[in-house]
Amino acid sequence: NAGVTQTPKFRILKIGQSMTLQCAQDMNHNYMYWYRQDPGMGLKLIYYSVGAGITDKGEVPNGYNVSRSTTEDFPLRLELAAPSQTSVYFCASSYGGAGGGYTFGSGTRLTVV
Amino acid sequence: QKEVEQDPGPLSVPEGAIVSLNCTYSNSAFQYFMWYRQYSRKGPELLMYTYSSGNKEDGRFTAQVDKSSKYISLFIRDSQPSDSATYLCAMSEDNYGQNFVFGPGTRLSVLP
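Those sequence lines, one after another, are chains A and B.
Residue 1117 is where the first sequence starts when you use my numbering, and the numbers rise one by one after that.
Residue 1392 is where the second sequence starts when you use my numbering, and the numbers rise one by one after that.
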């Protein structure tokens, strides 16, 4: 049972480039989330989805886009990368609300130079 | 004032010590609380989930919520070097996953 799988693990982007961070879960969770984690700050919610075809903005959505065409996959798209997007990105999933807690992936460490 | 605050540490203790990790918060409507453990370069993993006030115990871990003081704690008994990690608290008014607010985390080091 793989849980939540994120790819790539590391990436260096140049300013203005674009990329997609991949996230897949095999637990049949309907809720999926994207967070970013910066030093000294709590996890900040970027986007979330309550099911296939349904997405909504979190606290810090600017500069990002998401889609949810299947229950399993929830990719995060960065358009026109900026140094402020240097961060560690975590994808998470949960069944229904958060009663059982989130299951997190191992993260993507992104540097924009 | 940040919504959820934690002492960032690092907190260093000898093996076998009792560890107390704490979060304070400003929103009196929070009633769902979680503690996560995050090893270096890994994703957070759920340790404890509690609702409203009171204590919850799971093995060497005890979660305590004091809503009157807007203060939650995680106690670790007989701490082990394998407990060395960053501990994050998270809390919400409701049980919707998108509404949980995370603290910045406390880094713990248990020395053998």
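Yeah, the Cβ is synthetic: ideal placement off N, Cα and C, and Gly gets one too.
Minimum Cβ-Cβ distance from P1401 of chain B to chain A less than 9 Å | Start at 1 with the first residue of the second sequence, and residue 1401 of chain B comes out as number 10. So, not an interface residue.
Residues that V1395 of chain B contacts on chain A, provided the C-beta gap is smaller than 8 Å | Counted from its first residue, the second sequence places residue 1395 of chain B at position 4. The contacting residues are G1158.
Taking Cβ-Cβ distances below 9 Å as the criterion, which residues of the stretch 1400–1432 of chain B are in contact with chain A?
-> Hits within the stretch, in order: Y1423, M1425, Y1427, Q1429, R1432.
For T1227 of chain A, the nearest candidate out of A:S1203, A:A1208, A:F1220, A:Y1211 (CA to CA) | Indexing the first sequence from 1 puts residue 1227 of chain A at position 111. The residue from A:S1203, A:A1208, A:F1220, A:Y1211 with its alpha-carbon nearest to that of T1227 of chain A is A:S1203.
Indicate, with yes or no, if the ligand MG has a heavy atom lying under 8 Å from the CB of S1470 of chain B.
-> As presented, the structure is devoid of all ligands, the ligand MG included, so that no description of it is given.
Rounded to a whole number of angstroms, what is the C-alpha to C-alpha distance between K1458 of chain B and I1131 of chain A?
-> In the second sequence, counting from the first residue as 1, residue 1458 of chain B sits at position 67. In the first sequence, counting from the first residue as 1, residue 1131 of chain A sits at position 15. Straight-line spacing of the CA atoms in K1458 of chain B and I1131 of chain A works out to 45 Å.
C-beta atoms of D1189 of chain A and Q1153 of chain A nearer than 9 Å | As a working mapping, residue 1189 of chain A is identified with position 73 in the first sequence. As a working mapping, residue 1153 of chain A is identified with position 37 in the first sequence. No, they are not a contact pair.
Under 8 Å (Cβ pairs) to chain C, residues found in the stretch 1450–1468 of chain B = Looking at the structure shown, chain C is missing, and the protein chains on hand are A and B.
Expected contact under 8 Å - CB spacing of I1409 of chain B and R1498 of chain B to nearest Å | Numbered from 1 along the second sequence, position 18 holds the residue referred to as residue 1409 of chain B. Numbered from 1 along the second sequence, position 107 holds the residue referred to as residue 1498 of chain B. In this structure I1409 of chain B is not in contact with R1498 of chain B, their Cβ atoms being roughly 18 Å apart against a cut-off of 8 Å.
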